[in-house]
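Data block below; observations after.
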Amino acid sequence: MPFKKYKSLRLNEYDYSQPGAYFVTICVKYRKNLFGSIENERMKLNVPGKIAFDDIAEIAAHYENVSIGEFIVMPNHVHMIIFIYELRGGRQAVPPTDKDNTYLRQVMPPAGSTRLPDIVGSYKSGVTRKIRKIKEFQDFQWQRYYFDHIVRSEKGLEKITDYIKLNPSMWNEDIENLLYLKSLKENERRMKAETVYRNLFIQ
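In the numbering used here, the protein residues as written are 575 to 777.
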């Protein structure tokens with residue numbers, strides 16, 4: 575599979591509590607389609623899928639300096655844009671990728687820094703706990719690692735937002751679609767993944 579170890583794509587020297595926008599992808603273990611299905615180029619969520627969706631929508635409620643941009647739950651993975659803000663004098667600063675005051679709001683300074691791995695880890699744990707309460711999904715697991723990309727420009731943010739919105743319509747050739755991946759040779763899988771990310775992350 576392309577990019578088997580998402581962890582290898584992380585920047586070890588980067589401070590993931592820095593203000594900014596982050597594109598995050600988290601996959602179900604073995605890329606099993608446990609969140610629903612694509613019908614007429616639209617995602618139809620099942621019960622676990624709705625849990626995964628609702629918990630993304632609630633992430634910002636748990637952090638004073640975090641908000642969620644575009645996101646989607648696909649059959650076997652989720653995409654989301656996570657904004658982490660700098661707090662100055664009890665007020666959130668606009669992240670580098672935002673040009674207006676959409677995300678400004680009054681808050682109390684946090685007790686400590688908010689790190690992207692903590693946000694993702696908390697989300698994964700919460701979804702796992704809830705889904706495992708469903709009898710048919712008691713063995714639910716996420717893939718251990720996740721993919722993240724630091725969004726560095728307004729143009730980059732727009733491209734990734736569009737990609738997330740159009741993801742269901744591209745499912746038949748999605749690099750996380752196990753059925754599609756099985757139809758490709760290993761070098762074709764790698765080339766496909768490299769092409770997708772190269773085009774998506776040109777900023």
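Note that the Cβ used here is the ideal one computed from N, Cα and C, for glycine as well. All values reported here derive from a predicted model rather than from experimental measurement.
Measuring alpha carbon to alpha carbon, tell me which of the options ends up nearest residue i.
i: Glu613; options: Thr688, Met648, Arg689; result: Met648
i: Phe711; options: Thr702, Arg718, Tyr719; result: Thr702
i: Ile625; options: Lys759, His636, Gly610; result: Gly610
i: His653; options: Asp722, Glu760, Pro593; result: Asp722
i: Leu740; options: Pro593, Glu615, Glu750; result: Glu615
i: Ile778; options: Gly594, Asp629, Asp589, Gly643; result: The structure shown does not extend to residue 778, since the chain is modelled only from 575 through 777, so no value can be given for it.
i: Thr629; options: Ile693, Lys766, Thr769, Arg689; result: Strictly speaking, residue 629 in this sequence is Asp, with Thr absent from that position. With distances taken between Cα atoms, Asp629 lies closest to Ile693.
Might you give, ordered along the chain, the residues of its own chain that have their beta carbon closer than 7 Å to the beta carbon of residue i, omitting 5 neighbours on each side?
i: Ile546; result: Since the first residue shown for the chain is 575 and the last is 777, residue 546 is missing from the structure and cannot be characterised.
i: Lys606; result: Asn650
i: Ser687; result: Ser591
i: Asp589; result: none
How many angstroms separate the CA atom of residue i from the CA atom of residue j?
i: Asp713; j: Tyr659; result: 35 Å
i: Asn639; j: Pro691; result: 15 Å
i: Lys707; j: Ala631; result: 20 Å
i: Glu732; j: Ile633; result: 21 Å
i: Phe627; j: Ile646; result: 7 Å
i: Leu608; j: Pro622; result: 7 Å
i: Gly730; j: Ile776; result: 7 Å
i: Glu728; j: Glu762; result: 31 Å
i: Asn620; j: Ile705; result: 11 Å
i: His636; j: Gly695; result: 13 Å
i: Asn746; j: Arg772; result: 20 Å
i: Gly594; j: Ser641; result: 11 Å
i: Asp748; j: Lys618; result: 17 Å
i: Met744; j: Asp736; result: 12 Å
i: Pro742; j: Tyr754; result: 14 Å
i: Ser757; j: Lys766; result: 12 Å
i: Thr769; j: Lys709; result: 40 Å
i: Phe657; j: Arg689; result: 11 Å
If you follow the beta strand (DSSP E) that residue i is part of, which residue opens it and which one closes it?
i: Val616; result: Note that residue 616 corresponds to Arg in the displayed sequence, not to Val. It spans 616-619 - the beta strand (DSSP E) in which Arg616 sits, taken as one unbroken run.
i: Tyr719; result: 716-725
Who are the Cβ neighbours of residue i in its own chain at under 8 Å, not counting the five residues just before and after it?
i: Trp716; result: Ile600, Cys601, Val602, Lys603, Lys698, Val701, Thr702
i: Glu750; result: Thr599, Cys601, Arg605, Met648, Asn650, His651
Please list, in chain order, all residues of the same chain as residue i whose beta carbon is under 6 Å from its beta carbon, the five residues on each side excluded.
i: Leu752; result: Arg605
i: Lys759; result: none
How far does the alpha helix (DSSP H) with residue i in it reach, from first residue to last?
i: Tyr771; result: 760-775
i: Pro691; result: 690-705
i: Lys756; result: 752-756
i: Lys709; result: Premise fails: Lys709 is in no alpha helix (DSSP H) and is neither H nor E.
i: Asp736; result: 728-740
Check whether chain C comes within 8 Å of residue i, counting only Cβ atoms and requiring the distance to be less than that.
i: Thr769; result: This model lacks chain C altogether; it includes just one protein chain.
Self-check item: 4 or more residues per run - each alpha helix (DSSP H) lying fully within the stretch 594-666
Solution: 621-631
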